[in-house]
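Take a look at the structure below.
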Amino acid sequence: DVVSLDLSTDKALKAITGRRIDPLNGTVHHVDALPAGMPQEVFDRLVQHPRDTKEVAGRRLRNYSEGKDSVVAFYGPKARVLDADTTADVLFERLCPFLLRMDERHLV
Numbered sequence: 001d002v003v004s005l006d007l008s009t010d011k012a013l014k015a016i017t018g019r020r021i022d023p024l025n026g027t028v029h030h031v032d033a034l035p036a037g038m039p040q041e042v043f044d045r046l047v048q049h050p051r052d053t054k055e056v057a058g059r060r061l062r063n064y065s066e067g068k069d070s071v072v073a074f075y076g077p078k079a080r081v082l083d084a085d086t087t088a089d090v091l092f093e094r095l096c097p098f099l100l101r102m103d104e105r106h107l108v
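Residue numbers (the numbering used here): 1 to 108.
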């Protein structure tokens, strides 16, 4: 099976452009969900990856959007489109059945 996540460009852009990386340990954070009590020194060293800028991410999302429907059509009944406009926990619950089924096929 193939899973395609359906999310508006605006929300995808917000998710991508809000990512920050701690260059000392590689930890990835999001500016809208920073851990409580994060030391100022950690916050100050967070950097945005060059591919996460609005310009680059926007270009990548446009390319993805242009090809997404043809990929889903190619896989036909094996393709599943999931609404990703939800919380991470709900999305994880929606993905688990597909991932478990895919894993079971590879274990046989």
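Beta carbons are placed, not taken as given, at the ideal position from N, Cα and C, and that holds for glycine.
Are at least three pairs of beta-carbons, each pair with one atom in the segment 1 to 12 and one in the segment 71 to 91, less than 8 Å apart?
Touching, per the Cβ criterion.
To which residues of the same chain is T27 closer than 8 Å at the C-beta, ignoring the five residues directly before and after it?
Exclusion of the five residues before and after T27 leaves I21 as the residues of its chain whose Cβ lies within less than 8 Å of its Cβ.
Continuous alpha helix (DSSP H) stretch holding A12: start and end
9 to 17
For D83, which of helix, strand or coil comes out of DSSP?
strand
Length of the line joining the Cα atoms of L46 and M38
11 Å
By the 10 Å Cβ neighbour count, where 16 or more other Cβ atoms means buried, how is A88 classified, buried or exposed?
exposed
Alpha-carbon to alpha-carbon, V42 and R94
34 Å
Please classify A12: is it buried, with 16 or more other beta-carbons within 10 angstroms of its beta-carbon, or exposed?
buried
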